[in-house]
Structure formats: structure tokens, C-alpha cells
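Only one structure is covered here, and it is reproduced in the block below.
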Amino acid sequence: MIAALAYLQVHTVKNRLTMRIKRLKQPKYLFGALVGGLYFYWYFFRVLLFPRGINHSYSPITAASPADAAFYEFIGALVFFTFIVLAWGLPHKRAALAFSEAEVAFLFPAPVTRRTLIHFKLMRSQFGILFSALFLTLVSSRFGANGHWLMRAAGWWVILFTLNLHLLGASFSITMLMDRGISTWKRRLAVLLSVIALLSFVGFWIGCKFPQLTSADLTNFDTIKAYTQHAFASGPLPYLLFPFQLVIRPYLAPDGFAFLAALGPALLVMLLHYLWVVRSDVAFEEASVEASQKLAEKLAAVRAGNWRTAGKKLKQKRPPFRLHSTGPAFMALFWKNLINAGNAITARTWIFVTVFVAVMSFSMQGVRSNANLTLVVGSAAAMLGSWTLLLGPQMVRQDFRHDLPQMDMLKVFPLRGWQVALGEILAPTTILTAIQWLLIIVAVVCLAPAAKGKFSPSLVLVLGAGTALVVPIFNLISLVIPNAAELLFPAWFQTGKDAPQGIEATGQRLIFALGQFLALIVALIPAAAVFAAIFFAVKFLAGVTLAVCVATVVAAAVLAVEAALGVLLLGWLFQRFDISGEPAS
Amino acid sequence: MIQVELLTKLYGDFTAVNELSFSLQPGEVMGLVGPNGAGKTTTMRCLAGIIPPTRGTVNICGHNLATHAMEAKRQLAFFSDEPRLFEYLTVWQHLNFVARIYQVANFEPIGRTLLEELELADKVDKLPGELSRGMKQKLAIACGLLHSPRVMYFDEPLTGLDPMGIRRMKDSILKRARDGAVIIISSHLLHLVEEICSRILILKNGGKVIDGTIAEIAQKYSRESGDANLEEVFFRATDEPPRLP
Numbered sequence: 014m015i016a017a018l019a020y021l022q023v024h025t026v027k028n029r030l031t032m033r034i035k036r037l038k039q040p041k042y043l044f045g046a047l048v049g050g051l052y053f054y055w056y057f058f059r060v061l062l063f064p065r066g067i068n069h070s071y072s073p074i075t076a077a078s079p080a081d082a083a084f085y086e087f088i089g090a091l092v093f094f095t096f097i098v099l100a101w102g103l104p105h106k107r108a109a110l111a112f113s114e115a116e117v118a119f120l121f122p123a124p125v126t127r128r129t130l131i132h133f134k135l136m137r138s139q140f141g142i143l144f145s146a147l148f149l150t151l152v153s154s155r156f157g158a159n160g161h162w163l164m165r166a167a168g169w170w171v172i173l174f175t176l177n178l179h180l181l182g183a184s185f186s187i188t189m190l191m192d193r194g195i196s197t198w199k200r201r202l203a204v205l206l207s208v209i210a211l212l213s214f215v216g217f218w219i220g221c222k223f224p225q226l227t228s229a230d231l232t233n234f235d236t237i238k239a240y241t242q243h244a245f246a247s248g249p250l251p252y253l254l255f256p257f258q259l260v261i262r263p264y265l266a267p268d269g270f271a272f273l274a275a276l277g278p279a280l281l282v283m284l285l286h287y288l289w290v291v292r293s294d295v296a297f298e299e300a301s302v303e304a305s306q307k308l309a310e311k312l313a314a315v316r317a318g319n320w321r322t323a324g325k326k327l328k329q330k331r332p333p334f335r336l337h338s339t340g341p342a343f344m345a346l347f348w349k350n351l352i353n354a355g356n357a358i359t360a361r362t363w364i365f366v367t368v369f370v371a372v373m374s375f376s377m378q379g380v381r382s383n384a385n386l387t388l389v390v391g392s393a394a395a396m397l398g399s400w401t402l403l404l405g406p407q408m409v410r411q412d413f414r415h416d417l418p419q420m421d422m423l424k425v426f427p428l429r430g431w432q433v434a435l436g437e438i439l440a441p442t443t444i445l446t447a448i449q450w451l452l453i454i455v456a457v458v459c460l461a462p463a464a465k466g467k468f469s470p471s472l473v474l475v476l477g478a479g480t481a482l483v484v485p486i487f488n489l490i491s492l493v494i495p496n497a498a499e500l501l502f503p504a505w506f507q508t509g510k511d512a513p514q515g516i517e518a519t520g521q522r523l524i525f526a527l528g529q530f531l532a533l534i535v536a537l538i539p540a541a542a543v544f545a546a547i548f549f550a551v552k553f554l555a556g557v558t559l560a561v562c563v564a565t566v567v568a569a570a571v572l573a574v575e576a577a578l579g580v581l582l583l584g585w586l587f588q589r590f591d592i593s594g595e596p597a598s
Numbered sequence: 021m022i023q024v025e026l027l028t029k030l031y032g033d034f035t036a037v038n039e040l041s042f043s044l045q046p047g048e049v050m051g052l053v054g055p056n057g058a059g060k061t062t063t064m065r066c067l068a069g070i071i072p073p074t075r076g077t078v079n080i081c082g083h084n085l086a087t088h089a090m091e092a093k094r095q096l097a098f099f100s101d102e103p104r105l106f107e108y109l110t111v112w113q114h115l116n117f118v119a120r121i122y123q124v125a126n127f128e129p130i131g132r133t134l135l136e137e138l139e140l141a142d143k144v145d146k147l148p149g150e151l152s153r154g155m156k157q158k159l160a161i162a163c164g165l166l167h168s169p170r171v172m173y174f175d176e177p178l179t180g181l182d183p184m185g186i187r188r189m190k191d192s193i194l195k196r197a198r199d200g201a202v203i204i205i206s207s208h209l210l211h212l213v214e215e216i217c218s219r220i221l222i223l224k225n226g227g228k229v230i231d232g233t234i235a236e237i238a239q240k241y242s243r244e245s246g247d248a249n250l251e252e253v254f255f256r257a258t259d260e261p262p263r264l265p
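As C-alpha cells, then:
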């Protein structure tokens, strides 16, 4: 029977790989794969393949001395121990093995024993574990871990698989406890009391037998480390953490011999876990069916482009304003997308937050001792504002990017392309602008005192007002670009199981990020040129403040024209968009 | 009311719909049937303005769907087999949203009546995620009917409905037709088509193989091989398509 399940698993992976290789014939995947491959090579694989040529700026994770090795081993064991405690304390449901709906439909009615299903589950989990082990090896190599990468990958595999087995075994045991009438809270109390008892015991021993912690022990990282190493190496802690150390040890082994020596005990721990899991006779079918349905709902939500709904229940949200049944129709899309964005963006909330932040900023400004704090707050606000200008459009996506699966509904509406386009991108524009205006107020209020003597108050005010005038138009342009890209290349934004994954997806995202950045730069050039020309002309005649004022207004007008053209272009793309030609539909 | 002339839709070299022509008058209910892949959904989507046809024209109430899309779209409603709803809008918010899109002044009484007819009156504050599939279907129907369309397209309208819902849906379709609406139903349920449609159009490989009233088609096939119901007509027509006049 397990052979049939192995067949299923092997062919699932084989077919998926074949499909991904075949689609490299399409340029969008091929270019994505090339760029993604270069990125991964440059950032990760180069470190693995040519470690000598890389100049690490990080201190190695693995140990330079036996004392260091013990220290890292104890830290790792403590982390592992924490996971184990959580595995026993947190769950509140019966054990459920994750199966897809198709697997439930085929395997559960079939003459397959529970043990075989567990073996199938373990076999299937290997792909995820191996991938995670490889990924963690790449990341740890990037940050300067020592030893051969294959050893580290095997070390990660031992840790992850043992943890996986323990989580499974714990879930089975918890189910058995539930069947015997032990409630979740009783179990949690028992876990908590056990942990408190252990910590008390260790604390008591440290208090009685161990030298008192002095300020000299806290001088620097080395003294803290030395004290901790001493504490870990004596008393009850080494015994308590011993099984967990065994699991961690292969990863931290400095050479091949040490690795082989550490591997035996680690595999023994793993074997004991395996026996525990396969010998547990727990009815997991019902909970698994429920879990598979939830998984299917989650996948369906993701496939429909609704990442937000995946795995969580939506709540009814208050409309941001009353939508009358007559008036500009694009406002309906704006209203809808604001509801989508959540309760946090109702006008009342923004007024409250604005007033609160403004009052806080003014009050801080009035306190002399907080001068440095206001400078920090002002700089942080300015930095955050700049950051939202560049990255905000990627994060606030209540526009075409969210509505792509509903495109046929939008197409039926009696709206012109530009109306749909404007309605779609208004919500993220408004959200970003509201955040940025708030940050501008904070920045101006907090930085104005520091600017005294360098800039006149009127200039500071004009700079703040000018930025506030430009940001909504800038946001509109910034949002036109990713939305236009979505309508031009919808398959690149595809979600769900058919979505590009892995290296080609990373490459596609890199290409898109670069393309969007370039498009934004090009869009800004005319406005920047106009600003510079007018600024220098007016400055010569009427001074800096007026120059900034006039140049900003004219540059904003240029940006507004560009934004309007962008919306028209987006509308035209929407009208031309043929859903049936896209796999996402 | 609907006039379709030489409607063609190509996907590269593949012809999904091939030079389809027909016209429908107020009160007519046309069944669009055909085997899987015949081009029914593509036709419906072209007729609704969701996808542009490669060639040909579609006129809705005298408005060309390509050149006067807004005027044409105001007259129609499209009900897909899978209800398309916004998961974050409640039942009432859906109606409010659609009212603004179609500029339905004073939509509240119309909306309430529709929700009562469709047994959704007690679900106004529910999100689609809290509704059963049948209720979602009903909500999509309420949204589509809010602006009193004169042309309606139903793609598999009975999917997910319970027996009572099926009965109500059939009655509702026939009532709208009696009131002068033009209705096109795409379905594999031949008994449904036979029961409520006054005209049938059978598609195969994107082309029209039969177009006519139930009586005309029955008469034509009866002449050839005795009495024929729609199922028999369908199988004969799609296996060996008769020559069209």
C-alpha cells in the first residue's frame, strides 16, 4: 500500500517539476528564472560554492572553541525545548494530519491503515523539511556559518524532522488525553506548572550554589557569555537539556568526524520519536477531514486572489462614508475598496489619530528637555514618509491587484475605463496620502525647532505644504504603474497553485520591481525639470520661499497632468483587457 | 432587442465562436445549449461585454455593445454560474454598491423587495462567507435585478439551488420574460431549457447547428424520425449536424 502512496507522491512532484520546466518555454518564465537564478546565485549559492572568495562581514554562527560550541548547543537546546513546551501547551484541537481534499476523498474510504496514512504523511513532509533545511543552510551560509554545507543541511534536517515528529506525537498524545476527559485548560495548567517547577528548581540551584550575578558579569557580551556558559555547564541544566542538545549537536559539528559522532545519538532520538508516532493509535480522521476542508477553503481564497481571507474569517466592516445611489459612479469602487481596507481607515479614525498625533507633537515641542526626542520623532516621521512613498504602493493593494479575480464583474458595469481605473486606485491613494499627511505634520512640527536659524519658519511651512500637495498626485502615479503592469501581464500576478513559484517567481518580482522603479523615475523627470527651472528663475527674482512655493505648484500641476494621463491609460488597458486570454481567469 | 451578427471569437488559431448570428425580441427566452467546449460561455461573455469579440456586432436595445458600451450595458445583467461577490461587502452593501454603479435612485425599497422575494431579508448584514452557495447565488441575482435590466444572461442558473430555489428561479425567469425582458440561458440541463425556453440555439465547435423555436425544432426532427424531445434533438444535432438553411 505504501508503494501506491509513494507512487502518488513521486509523480506529484515529478509532474509539478515537469510543468515548471515546460513553462520555461514562455519568455516570461524564462526571464524570470534567469534573473531569479542570478539573484539566488549571487546572494546564496556563491557563498556555498566559493566560500573562500567571499568576504564575510558577520561573525560565524558555529563555534570557534569547545566552550563556544557548548554555549551555542545550549542556546539551540533551549530554543528546541521552548518549541516542545509550546507543542504541549498551545494546541486546543484534536490531532489532524494535513491532507488535501483529494487525498481525503481517495485515501480515507480506501483500505489504508492509520499507520500507512501516518507513513504517507511523514513521507510527504520530507519534501517540505528538505526544502526548509536547504533554505536554512543557505541563510546560515550567508551569515557566515562554518563547516561543509552538506553537513549543515543534514544537521538542519535532523532538527526539523525530529521537531516534526515530536509535534505529531504530542498532538496524538493530546488527543488521547482529551479522550480521557482531560480538558485543554487542565493540560495547559499541568504544562505550566511543570515548566514553573523546572525553572524554580534551576533558579533555586543557581541561587544556592552558583556565584551571584554581579555588574562585572554584565560588562559586555563576552562576560555575559562566560557567565551563561558557566551556568549551562553546571548544575541540573545540562541534564535537563541533554536530549535536546543531542538533536542540535550534528548541526554545530565543526568537522566530519564530530558530525558522524553526533549523528548516531541524534538519529536514536529521532527513531524513538518515530516509534512513538507510529505506535500511537489515535483517531485523526474526523479532524483531518475538517482540516482538509479548511485547507481547501484557504487555497480557494488564495487562488481567487484573496490572500487576506486565506485562513481567517472576515468581519463586517463599517462603511467609511454613506454611499448615495446617485453621483459619480467611480465613487462606488472607491467606497468598496475602502471597506475592503478595513475599519482602520474610517474618517473618524483618521481624525482621531491626526488630532492625537498633532497634539502629542505640539506638546513635545513645548518641553525643552524633549528637544532630542522631537528631533528623533521628526526624523523618523520624515524617513517613514519617504519609505511609504516608495514602498506604500506595493503594500496597499486595494485596487485592480485585489480585484483581478472579479474582473468579469467589473467588465459588466456600465462604466468607462477611466472611471473604473480611477475608482480602483483611489482607495490606496487616499490611504497612503492620509498616512503621509500625518507624517508630514509630525515631521514639520518636530523638525521646525531644529531648523531655526537655517531655514525661515515660512520656508519650513512651505516645504511641508508643498510636500503635502505633491504626495497624493505622486501616489496616484505610483499606483498607476503596478496596476498597469497587472493589466498588461496578469499571468505574472497569478496566485494559487498555478502561480509561478520558486526561482522564476523571484526573478519575475525582481524584474517588476526594477521596471516599476524605472517607470516612476521617468514619470518624475518632467515635473523635476519644471520644478528646477522655475525654482532657480523665481529664486533669483523673489527669494527661496516664494521660489519653492511657485515651483511646487507648477510641478504638482505637471504631475497632475501625468496622473490624469496615467488614469486614462489604465482605463484603456482595462477596456482592452481580455480575461479569457489569461490563465488567471 | 438583441441582435447578434457574425459574432466571432478567436484565441490565436482556435475559433471559440464562429460567425454566430441571431436576434431576439422582447419576451423571448432562448436556451443556449451545446456540448462542453462548444463556445457557450464565450458567447455569453461576448454578449455581456466581458470579453471583446474578434469580429461581428452585438446590439442591445439598439445600442452597439462595442461603440456604445455604457448605454448597452445599462440594459443588461449577467449571472455567472459561480456567483461573483466581494467577500468583504455585506448583502446590503452589495446592493448599495450596485445601486451607485447603475445610478438606481431610491434603491432601498427595490432592494428590500428583492431580498424578501429571494428570502434574504434577514441576511442583510451577512458577508458572503456567511452565506450558503444558494444564498450567494440569490444575492448575485438580487444585485443583477436591482436596475431592472431588459436583457438578462444566465449561465447555469440552477447550480447550487435547492428545489424551492429552482422553482422560484424558473418562475422568476418566466415572470421577467412576460414583463418584456429578453433572456438567454446557457445550461446543460435540457429539461430546464425545454421547460422555460421559447427558443433554442445549439452550438457545436463554436458554430450554430440549430436555431429556432421549440416547436420548429421538434417539427423538423419529427419529420425525420418521428416524435423528438430536446434531448434526442440535441444528440442528433451534435453528433451529425444537419445543414442549416
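Top line first, the protein sequences correspond to chains A and B.
FYI, in our numbering the residues of the first sequence are 14 to 598.
FYI, in our numbering the residues of the second sequence are 21 to 265.
Every residue, glycine too, gets a C-beta built ideally from N, C-alpha and C.
Note that the structure is predicted; figures quoted are calculated from it, not measured.
Open item on the list: Which residues in chain B have a C-beta closer than 9 Å to the C-beta of residue 336 of chain A? List them in chain order.
Closed with: Residue 336 of chain A sits at position 323 when you count from the first residue of the first sequence. By Cβ distance, chain B contributes 113, 116, 117, 119, 120.
Open item on the list: Could you tell me the alpha carbon to alpha carbon distance between residue 186 of chain B and residue 589 of chain A, rounded to whole angstroms?
Closed with: In the second sequence, counting from the first residue as 1, residue 186 of chain B sits at position 166. In the first sequence, counting from the first residue as 1, residue 589 of chain A sits at position 576. In a straight line, the C-alpha of residue 186 of chain B is about 37 Å away from that of residue 589 of chain A.
Task: Contact test: residue 170 of chain A Cβ vs the ligand COA heavy atom, cutoff 8 Å - done: Of the ligands one can find in the structure shown there are none, so the ligand COA has no counterpart to examine.
Task: Beta carbon proximity, residue 154 of chain B to chain A, threshold 9 Å - done: On the second sequence, position 134 is the one that residue 154 of chain B refers to. False, the Cβ-Cβ gap to chain A never drops below 9 Å.
Task: Where residue 107 of chain A falls: helix, strand or coil (DSSP) - done: Numbered from 1 along the first sequence, position 94 holds the residue referred to as residue 107 of chain A. Coil at residue 107 of chain A, not helix or strand.
- [ ] Work out the CA separation of residue 72 of chain B and residue 439 of chain A for me, nearest whole Å.
- [x] For the purposes of this step, residue 439 of chain A is taken as the residue at position 426 of the first sequence. For the purposes of this step, residue 72 of chain B is taken as the residue at position 52 of the second sequence. Each residue's alpha carbon lies about 26 Å from the other.
Task: Residues near residue 289 of chain A in its chain [Cβ-Cβ closer than 7 Å; skip 5 each side] - done: As a first step, residue 289 of chain A must be located in the first sequence, where it is residue number 276. Excluding sequence neighbours, residue 289 of chain A sits near 182.
Task: Contacting residues, own chain, Cβ-Cβ under 7 Å from residue 342 of chain A (five flanking each side not counted) - done: The count along the first sequence starts at 1 and reaches residue 342 of chain A at position 329. Contacts found: 428, 432.
Task: DSSP three-state assignment for residue 255 of chain A, whether helix, strand or coil - done: Against the first sequence, residue 255 of chain A aligns to sequence position 242. In this structure, residue 255 of chain A counts as helix in the three-state DSSP scheme.
- [ ] State the DSSP-derived secondary structure class of residue 156 of chain B, mapped to helix, strand or coil.
- [x] Translated into the one-based positions of the second sequence, residue 156 of chain B becomes position 136. Helix at residue 156 of chain B.
Task: Ordered list of alpha helix (DSSP H) runs contained in the region 126 to 184 of chain A, each at least 4 residues - done: 127 to 155
Task: Residues near residue 467 of chain A by beta carbon distance below 6 Å, same chain, minus five either side - done: Walking along the first sequence from the start, residue 467 of chain A turns up at place 454. Taken in chain order, the list of residues that qualify is empty.
TODO: Answer yes or no: does any C-beta atom of chain B fall closer than 9 Å to that of residue 352 of chain A?
DONE: Within the first sequence, numbered from 1, the residue matching residue 352 of chain A stands at position 339. Yes, contact with chain B.
Task: Contact under 9 Å by Cβ, residue 205 of chain B with residue 49 of chain B - done: Here residue 205 of chain B is taken as the residue at index 185 of the second sequence, counted from 1. Here residue 49 of chain B is taken as the residue at index 29 of the second sequence, counted from 1. A contact, by the Cβ cut-off of 9 Å.
Task: Cβ pair residue 23 of chain A, residue 524 of chain A closer than 9 Å - done: Residue mapping note: residue 23 of chain A aligns to position 10 of the first sequence, counting from 1. Residue mapping note: residue 524 of chain A aligns to position 511 of the first sequence, counting from 1. Cβ distance not < 9 Å, so residue 23 of chain A and residue 524 of chain A don't count as in contact.
Task: Nearest-angstrom Cα separation, counted from residue 60 of chain B out to residue 249 of chain B - done: As a working mapping, residue 249 of chain B is identified with position 229 in the second sequence. As a working mapping, residue 60 of chain B is identified with position 40 in the second sequence. Looking at the two C-alpha atoms, the distance is approximately 21 Å.
Task: Residues near residue 257 of chain B in its chain [Cβ-Cβ closer than 6 Å; skip 5 each side] - done: Here residue 257 of chain B corresponds to residue number 237 of the second sequence, with the count starting at 1. Once the five neighbours on either side are set aside, the close Cβ partners of residue 257 of chain B are 222, 229, 230.
- [ ] Could you work out which residues of chain B lie near residue 522 of chain A, taking near to mean beta carbons separated by less than 9 Å?
- [x] As a first step, residue 522 of chain A is located in the first sequence; it is residue number 509 there, counting from the start. What residue 522 of chain A touches in chain B: nothing, since even the nearest Cβ is about 25 Å away.
Task: Under 9 Å between C-beta atoms of residue 437 of chain A and residue 353 of chain A - done: Reading the first sequence from its first residue, position 424 is the one you call residue 437 of chain A. Reading the first sequence from its first residue, position 340 is the one you call residue 353 of chain A. Cβ distance not < 9 Å, so residue 437 of chain A and residue 353 of chain A don't count as in contact.
Task: Residues that residue 100 of chain B contacts on chain A, provided the C-beta gap is smaller than 9 Å - done: The residue labelled residue 100 of chain B in the question sits at position 80 within the second sequence. Near residue 100 of chain B (Cβ distances below 9 Å), the residues of chain A are 421, 422.
- [ ] Using 10 angstroms around the beta-carbon of residue 488 of chain A, count the other beta-carbons present and answer buried if the total reaches 16, otherwise exposed.
- [x] Numbered from its first residue, the first sequence carries residue 488 of chain A at position 475. Classification for residue 488 of chain A: buried.
TODO: Identify whether residue 239 of chain B lies in helix, strand or coil by the three-state DSSP scheme.
DONE: One-based indexing of the second sequence puts residue 239 of chain B at position 219. Three-state DSSP puts residue 239 of chain B in a helix.
- [ ] Using a Cβ cut-off of 9 Å (strictly closer), state whether residue 345 of chain A contacts chain B.
- [x] Position 332 of the first sequence, counted from the first residue, corresponds to residue 345 of chain A. Interface residue, yes.
Open item on the list: Quick check on the DSSP output: what are the complete alpha helix (DSSP H) runs of length 4 or more inside the region 427 to 490 of chain A, in order along the chain?
Closed with: 430 to 464
Open item on the list: So residue 148 of chain A contacts chain B; which residues on that side make the cut at Cβ distance below 9 Å?
Closed with: Here residue 148 of chain A refers to the residue found at position 135 when the first sequence is read from its first residue. Residues of chain B passing the Cβ test: none, with the nearest at roughly 32 Å.
TODO: Please work out which residues of its chain come closer than 6 Å, Cβ to Cβ, to residue 388 of chain A, disregarding the five sequence neighbours upstream and downstream, and give them in chain order.
DONE: Position 375 of the first sequence, counted from the start, is the residue given in the question as residue 388 of chain A. Closer than 6 Å at the Cβ level, and outside the excluded window around residue 388 of chain A, lie 463.
Task: Residue environment, residue 195 of chain B, which counts as buried when at least 16 other CB atoms sit within 10 Å - done: By 1-based counting over the second sequence, the position of residue 195 of chain B is 175. It is exposed - the Cβ of residue 195 of chain B has fewer than 16 other Cβ atoms within 10 Å.
Open item on the list: In the DSSP output, which residue or residues are listed as bridge partners for residue 231 of chain B?
Closed with: Start at 1 with the first residue of the second sequence, and residue 231 of chain B comes out as number 211. BP columns for residue 231 of chain B point to B:221.
TODO: Identify whether residue 191 of chain B lies in helix, strand or coil by the three-state DSSP scheme.
DONE: Start at 1 with the first residue of the second sequence, and residue 191 of chain B comes out as number 171. Note: residue 191 of chain B maps to helix in three-state DSSP.
Task: Residues that DSSP places opposite residue 173 of chain B in a beta bridge - done: On the second sequence, residue 173 of chain B is found 153 positions in, with the first residue counted as 1. In DSSP, residue 173 of chain B forms a bridge with B:98, B:204.
Open item on the list: Below 8 Å on the Cβ atoms is my contact criterion, and I expect residue 339 of chain A with residue 123 of chain B to pass it. Report the Cβ-Cβ distance as a whole number of Å.
Closed with: The residue labelled residue 339 of chain A in the question sits at position 326 within the first sequence. The residue labelled residue 123 of chain B in the question sits at position 103 within the second sequence. The pair is a contact, with the Cβ atoms about 5 Å apart (cut-off 8 Å).
Open item on the list: Less than 9 Å between the beta carbons of residue 473 of chain A and residue 460 of chain A, yes or no?
Closed with: The sequence position of residue 473 of chain A within the first sequence is 460, counting from 1. The sequence position of residue 460 of chain A within the first sequence is 447, counting from 1. A contact, by the Cβ cut-off of 9 Å.
Open item on the list: Tell me the rounded alpha-carbon separation between residue 219 of chain A and residue 292 of chain A.
Closed with: Numbered from 1 along the first sequence, position 206 holds the residue referred to as residue 219 of chain A. Numbered from 1 along the first sequence, position 279 holds the residue referred to as residue 292 of chain A. Each residue's alpha carbon lies about 39 Å from the other.
- [ ] Spatial neighbours of residue 155 of chain B within its chain, please: CB distance less than 7 Å, with the 5 preceding and 5 following residues excluded, ordered by chain position.
- [x] Here residue 155 of chain B corresponds to residue number 135 of the second sequence, with the count starting at 1. Answer for residue 155 of chain B: 140, 143, listed in chain order.
Open item on the list: Just checking: is the beta-carbon of residue 589 of chain A within a distance shorter than 9 Å of some beta-carbon in chain B?
Closed with: Locating residue 589 of chain A in the first sequence gives position 576, where the first residue counts as 1. It does; some Cβ of chain B falls within 9 Å.
Task: Within 9 Å, strictly: CB atoms of residue 120 of chain A and residue 18 of chain A - done: To locate residue 120 of chain A, count along the first sequence from 1; it is residue 107. To locate residue 18 of chain A, count along the first sequence from 1; it is residue 5. Against a cut-off of 9 Å, the Cβ pair of residue 18 of chain A and residue 120 of chain A comes out as a contact.
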